[in-house]
Amino acid sequence: MALLELRNVSKIYTLGGEVIRALDDVSLDIDGGEFVSVIGPSGSGKSTLMHILGCLDSPTHGTIQLDGQMIHSASAKQLAHIRNQKIGFVFQFFNLLPKMNVLQNVELPMIYAGISGARRRERAMEMLKMVGLENRARHRPSQLSGGQQQRVAIARGLVNDPRILFADEPTGNLDSHTGEAILELFRELSTKGRTIILVTHDPEIAAVTSRRIEIRDGKIASQVDPRLAGLDRVATAPVAG
Amino acid sequence: MILFNTILIGLKEIWTHKFRSLLTMLGIVLGVSSLVAMAAIVKGMENGMKEAMIAMGGLDKVLIEEQKVPIHQNHLRDMAPGRTIRDVIALRESAPLIRIVSPEMGLDRVMVSRAGKWFRPSEVVGVWPEVLEMNLYELEHGRFFTDLDEELAKNVCVIGTGVRDELFGSPQEAGREIIPIGEQIHINEQPFIIVGMFKHYESEMERKIREEGLQSHTATAGPSRQRGWGRRNWNAFWRKNNVVYTPLNTMWVRFRAATGTNNVPYPTLSDIDIKVHSLEMLEPALQQARNVMMMTHGGIEDFNFRTQENQIEDINKRIKNARLSGGIIAGLSLLVGGIGIMNIMLASINERIREIGICKAIGATSGSIFLQILIESVVIALLGALAGLAASKGLVVFLSELAPSQNTPVIQPQVMGIAVLFSGLVGVVAGIFPAIKAARLHPIGALRYE
Ligand SMILES: Nc1ncnc2c1ncn2[C@@H]1O[C@H](COP(=O)(O)OP(=O)(O)OP(=O)(O)O)[C@@H](O)[C@H]1O
Ligand SMILES: [Mg+2]
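As structure tokens, then:
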């Protein structure tokens, strides 16, 4: 069984009578340890997909299973718990809490998990060491560069040892050099067996991952999936309609 | 654990907006300090009034007052006998529920003098020795009147310390005790020998001020503080210390001779006070007294009983009013404070929508967001309450400077507790709506919020 299973998932917004199908009947399997990129033009539904996969939002139709657990029917409280335990997020705009220092930001998911202070500190320092920022623990996010802030966000995303790390345009706000370093960090994590889903509109960045899912108008337009035997790197699903 | 962290985060949030939070707390500070200070002042008032009541003779003292005859006896008006020594004797003989009866024959507009010093005492009254127990007097020096003094209508008197201070000088000024036993004074030009002097009576407040005054006097030798300013006031203690008592008979013979008919001096007493054996038996005792006096007055009801119950009711009413007004001020301040807190919390969550979204994304439940906001609100309120407690002390000092009274305000710990509790409650109530608003934010909506 796959780590993540989406079956016929749709997300429909109605704005002033107009119906927007941000996701349109998407089915998708992601296994543990995969490094997947989701690409597509702006407005195609990448973020929407990530939010639904990441239990931040619920689909209008369809079913989702994460790690054997049915997500689409879970309560808000259960979803919060799943986000806390099984999912890590990295955002384009870093989304660190400005009033807390780096260490406290990394500790925050563990506070919601109810982990004791000493253990929290130790674990947070461990994660900061991993992203090379252990000497910035007492700094405020505003005192760090963009790349450093994104490293802190990654440390925070991984601190509860989640099953999946989601990253929405993690390099979108960084210069190409810094972005490259962040991507390198993701690649490293992937080789250590972490499941990572990377959302981007940049094919060059998507090229880093072995599996690529292209979204257009809320549908999966094509996929490059090395697991599909014989069709080395070019398994293309037909575009519907 | 989570609670502790939440409080910490809340404190940090408050610290980030120090000035804003301070302004917000002001209502609570005002509410708590006014509640505590008002309660302290009212308590002082209550103590003072109770003290004064005891100084005037205690709870079990009943005054037999003169009153106009009732309408249906109007035609008997001229036969109304008034309160006389006959009543006193009859009450003593025939009203077993009454413990003591003390007659008083007062003299209006009287001056006492000695060696060119003139003074108007609080009262100059002819009494029986029962007066000691009735008005709770103790002799400090000398003796009280004997049967012989009474029998022979001797020109002797017993005075309070205030009279001594006025005519012989006060010990504080003289720096030594002054005991004028055996000295002569004049009451309306008639010579009297002082045979006894009462103790000095003073309120708690006066005692404190006097002791402080003594200390600073000996310590600095500077200008002495206005010692015992409460004494100047026309209060119960001043009255108690400024009496001149003579034997009842003396008063009658010496000062009433010019009045009356058939060569008998005018016999009406100015007061009859009684004390009952126990307050539980007050009603039957008064009934007994009424029956007896109806007899001696030939059925004419020209008297009335006034118990301290009326006084106590009066005191309680005044205290209740003071409490009520204090409570209303405090309540309004707390209400305003609560509205301020709600306002600031709403502003605060509006500024933090994105942060709340982030917290939700990394696993905060709606419950923990709710708790976070609620705790912040309560923390602001409680900080305000603590500041209010500190301020109340200053307020008490300020208010007693502004309007000095004889009563030391008493800050009561239980009122402080109640004030803090109420502030916490205000914090909870003020925080609930913003907290619900924050908890309901959708993670995506909050994250996208610019
Ligand atoms: N809350 C919403 N209400 C209405 N429409 C929405 C809402 N959220 C997203 N959409 C619509 O859904 C579609 C997909 O949006 P989404 O944010 O997933 O695009 P995206 O692929 O992430 O684009 P980008 O690369 O610009 O981030 C868009 O047309 C968007 O307008
Ligand atoms: Mg997007």
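So the sequences go chain by chain: G and F. Start counting the first sequence at 1; every next residue gets the next number (this note's numbering). Start counting the second sequence at 1; every next residue gets the next number (this note's numbering). Ideal Cβ placement from N, Cα and C applies to all residues, glycine included.
Under 8 Å by Cβ, that's how I've got residue i and residue j pegged, so tell me the actual separation to the nearest angstrom.
i, j, result
"F:Gly326", "F:Met38", "3 Å"
"F:Glu138", "F:Phe198", "7 Å"
"F:Leu286", "F:Val101", "Actually they do not touch by this definition, with Cβ atoms about 13 Å apart."
"G:Ile197", "G:Leu189", "Not confirmed; about 12 Å, so no contact."
"G:Ala2", "F:Thr365", "Rounded, the Cβ-Cβ distance is 27 Å, inconsistent with contact."
"F:Gly427", "F:Ile341", "6 Å"
"F:Glu530", "F:Glu51", "With chain F covering 1 to 450 only, the question about residue 530 of chain F has no answer from this structure."
"G:Asn105", "G:Pro141", "7 Å"
"G:Arg156", "F:Ile362", "7 Å"
"F:Val29", "F:Ala387", "5 Å"
"F:Ala95", "F:Gln288", "4 Å"
"G:Ser27", "G:His61", "Not a contact, Cβ separation roughly 12 Å."
"G:Asp24", "G:Lys219", "5 Å"
"F:Gln483", "F:Ile300", "What is shown of chain F runs 1 to 450, which leaves residue 483 of chain F out entirely."
"F:Lys43", "F:Pro409", "7 Å"
"G:Asn84", "G:Asn160", "6 Å"
Does the beta carbon of residue i sit closer than 8 Å to a beta carbon anywhere in chain F?
i, result
"G:Asn84", "yes"
"G:Asn139", "For clarity, residue 139 of chain G is His in the given sequence; the question names Asn instead. Not one chain F Cβ lies under 8 Å of G:His139."
"G:Leu228", "no"
"G:Leu4", "no"
"G:His201", "no"
"G:Leu165", "no"
"G:Leu56", "yes"
"G:Arg187", "no"
"G:Ala22", "no"
"G:Arg156", "yes"
"G:Ala113", "yes"
"G:Gly33", "no"
Does residue i get closer than 8 Å to chain G when you measure Cβ to Cβ?
i, result
"F:Ser33", "no"
"F:Ile436", "no"
"F:Glu211", "no"
"F:Ile444", "yes"
"F:Thr16", "yes"
"F:Asn5", "yes"
"F:Gln450", "Strictly speaking, residue 450 of chain F in this sequence is Glu, with Gln absent from that position. False, the Cβ-Cβ gap to chain G never drops below 8 Å."
"F:Glu13", "yes"
"F:Arg20", "no"
(message) Which complete beta strand (DSSP E) runs does the segment 288-320 of chain F hold, if anything under 3 residues is left out?
(response) 303-307
(request) Determine which residues of the segment 355-381 of chain F have a Cβ less than 9 Å from any Cβ of chain G, and write them out in chain order. (result) Answer set for the segment 355-381 of chain F: Glu355, Gly357, Ile358, Cys359, Lys360, Ala361, Ile362, Gly363, Ala364, Thr365, Ser366, Gly367, Ser368.
(message) Please output, in chain order, the residues near ligand 1 using a CB cut-off of less than 6 Å to any non-hydrogen atom of the ligand.
(response) G:Tyr13, G:Leu15, G:Ile20, G:Ala22, G:Gly40, G:Ser42, G:Gly43, G:Ser44, G:Gly45, G:Lys46, G:Ser47, G:Thr48, G:His201
(request) Can you check the segment 66-125 of chain G for any alpha helix (DSSP H) of at least 4 residues that lies completely inside it and give the ranges in chain order? (result) 76-86, 102-113
(request) Select from the segment 87-110 of chain G all residues with a C-beta closer than 7 Å to any C-beta belonging to chain F, and list them in chain order. (result) Listed by position, the residues of the segment 87-110 of chain G near chain F (Cβ gap below 7 Å) are Phe89, Asn95, Leu97, Lys99, Leu108, Pro109.
(message) Against chain F, which members of the segment 60-82 of chain G pass a CB distance test of less than 8 Å?
(response) Ala76, Lys77, Ala80, His81
(request) Would you list, in sequence order, the uninterrupted beta strand (DSSP E) runs of no fewer than 3 residues that lie entirely inside the segment 73-120 of chain F? (result) Runs found: 98-107, 112-114, 117-119.
(request) Select from the segment 36-51 of chain G all residues with a C-beta closer than 8 Å to any C-beta belonging to chain F, and list them in chain order. (result) Of all residues in the segment 36-51 of chain G, the ones placed with a Cβ closer than 8 Å to any Cβ belonging to chain F are His51, in chain order.
(request) Please specify which runs of the alpha helix (DSSP H), each continuous and at least 4 residues long, are wholly inside the segment 111-176 of chain F, giving them in chain order. (result) DSSP runs (the alpha helix (DSSP H)) wholly in the segment 111-176 of chain F: 130-135, 147-151, 161-168, 171-174.
(request) Would you mind listing the beta strand (DSSP E) stretches within the segment 338-374 of chain F that are 3+ residues and don't spill past its ends, in chain order? (result) none
(message) Quick check on the DSSP output: what are the complete beta strand (DSSP E) runs of length 3 or more inside the segment 163-233 of chain G, in order along the chain?
(response) 164-168, 195-200, 211-216, 219-224
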